[in-house]
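Peer 1:
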Amino acid sequence: NAGVTQTPKFQVLKTGQSMTLQCAQDMNHEYMSWYRQDPGMGLRLIHYSVGAGITDQGEVPNGYNVSRSTTEDFPLRLLSAAPSQTSVYFCASSYNIFRARTYEQYFGPGTRLTVT
Amino acid sequence: KNEVEQSPQNLTAQEGEFITINCSYSVGISALHWLQQHPGGGIVSLFMLSSGKKKHGRLIATINIQEKHSSLHITASHPRDSAVYICAAENSGGSNYKLTFGKGTLLTVNP
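Spelled out as structure tokens, the structure:
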């Protein structure tokens, strides 16, 4: 298994540009999520999905869109990049979280995004 | 105020020392996660526990639900243990799920 993969690893955007960060997992995990990590702050949840066709907002969703058309893929879209979105983005996945058990999170390697 | 607080923020140790990192949380949880992040970014899950104690090699994690406190211990520390250690409180149930992260503890182990 490749686990959780993210592309690209690095990206530089100009203010106002749009782009999609890709995330895929091959573990048949139902739960997938996107976090951003900024200096001096803990990981913060942007959006999450509990299964194909179902997405919901996290703590910091503004400026980001997501979709979940398949179990494997969970892309994160920046519609109009802003310097405040400069950050490191992590995708994570886990088994179904609603089966009265808790499961460990598997993280992708991260995408370092700079918006100038 | 973050619902999950870690201490210390930074920790420097000599190789072989016993390390303790603390995590306190202010809300009821379903589980407590400990994660490791090496320089360069990758995040790996170390432990997930809802009661008692877990051990994996030189790493030990404990949790006291009544006191809302968890600790991560590293015995016989080694320079390769140098990393950021992050705790995260999980709240799940019904249709809700939330993972709240601490800011991390930067551990440096010198040879």
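Quick note, the sequences are listed as chains S and C, same order. Per our numbering, the very first residue in the first sequence carries number 1; after that it's consecutive. Per our numbering, the very first residue in the second sequence carries number 1001; after that it's consecutive. Just so you know, even glycine gets a beta-carbon here, dropped at the ideal spot from N, CA and C. Only a predicted model underlies this, so the values are computations on that prediction, with no experimental measurement involved.
Hey, is Leu1099 of chain C's beta-carbon within less than 8 angstroms of any beta-carbon in chain S?
Peer 2: Mapped onto the second sequence, residue 1099 of chain C falls at position 99. True, the Cβ-Cβ gap to chain S drops below 8 angstroms.
Peer 1: Which residues of chain C have a Cβ atom closer than 8 angstroms to the Cβ of Glu104 of chain S, listed in chain order?
Peer 2: As a working mapping, residue 104 of chain S is identified with position 104 in the first sequence. Within chain C, the residues near Glu104 of chain S are His1033, Ser1045, Met1048.
Peer 1: List, in chain order, every chain C residue whose beta-carbon is nearer than 8 angstroms to that of Pro109 of chain S.
Peer 2: Position 109 of the first sequence, counting from 1, holds the residue named residue 109 of chain S. The contacting residues are Gly1041, Gly1042.
Peer 1: If we define contact as Cβ-Cβ less than 8 angstroms, is Leu43 of chain S a contact residue for chain C?
Peer 2: Start at 1 with the first residue of the first sequence, and residue 43 of chain S comes out as number 43. Yes, contact with chain C.
Peer 1: Alpha carbon to alpha carbon, how far is Gly1102 of chain C from Ser18 of chain S?
Peer 2: Start at 1 with the first residue of the second sequence, and residue 1102 of chain C comes out as number 102. Start at 1 with the first residue of the first sequence, and residue 18 of chain S comes out as number 18. Their backbone Cα atoms lie some 30 angstroms apart in a straight line.
Peer 1: Using three-state DSSP, classify Arg954 of chain C as helix, strand or coil.
Peer 2: Past the edges of chain C, shown from 1001 to 1111, lies residue 954 of chain C, and the structure says nothing about it.
Peer 1: Would Gly53 of chain S count as contacting chain C if we go by Cβ distances under 8 angstroms?
Peer 2: For the purposes of this step, residue 53 of chain S is taken as the residue at position 53 of the first sequence. With 8 angstroms as the cut-off, Gly53 of chain S does not count as an interface residue toward chain C.
Peer 1: Three or more beta-carbon pairs under 8 angstroms between the segment 1023 to 1039 of chain C and the segment 70 to 88 of chain S, yes or no?
Peer 2: Because the criterion of three Cβ pairs below 8 angstroms is not met, the segment 1023 to 1039 of chain C and the segment 70 to 88 of chain S do not touch.
Peer 1: Flag Gly40 of chain S as yes if its beta-carbon sits less than 8 angstroms from any beta-carbon of chain C, otherwise no.
Peer 2: For the purposes of this step, residue 40 of chain S is taken as residue 40 along the first sequence, with counting starting at 1. True, the Cβ-Cβ gap to chain C drops below 8 angstroms.
Peer 1: Does any residue of chain C bring its CB to less than 8 angstroms from the CB of Val66 of chain S?
Peer 2: On the first sequence, position 66 is the one that residue 66 of chain S refers to. No, because no Cβ of chain C sits closer than 8 angstroms to the Cβ of Val66 of chain S.
Peer 1: Reducing DSSP to helix, strand and coil, say where Asp1081 of chain C ends up.
Peer 2: Along the second sequence, one-based indexing puts residue 1081 of chain C at 81. Helix at Asp1081 of chain C.
Peer 1: Three-state secondary structure (DSSP) at Ser84 of chain S?
Peer 2: Here the question's residue 84 of chain S lines up with position 84 in the first sequence. If DSSP states are grouped into helix, strand and coil, Ser84 of chain S belongs with the helices.
Peer 1: Please name the residue or residues paired with Phe107 of chain S in a DSSP beta bridge.
Peer 2: Position 107 of the first sequence, counted from the start, is the residue given in the question as residue 107 of chain S. S:Ala92.
Peer 1: Is Lys14 of chain S helix, strand or coil when you go by DSSP?
Peer 2: Residue numbering aside, residue 14 of chain S sits at position 14 when the first sequence is read from its first letter. The answer is coil: DSSP assigns Lys14 of chain S none of H, G, I, E or B.
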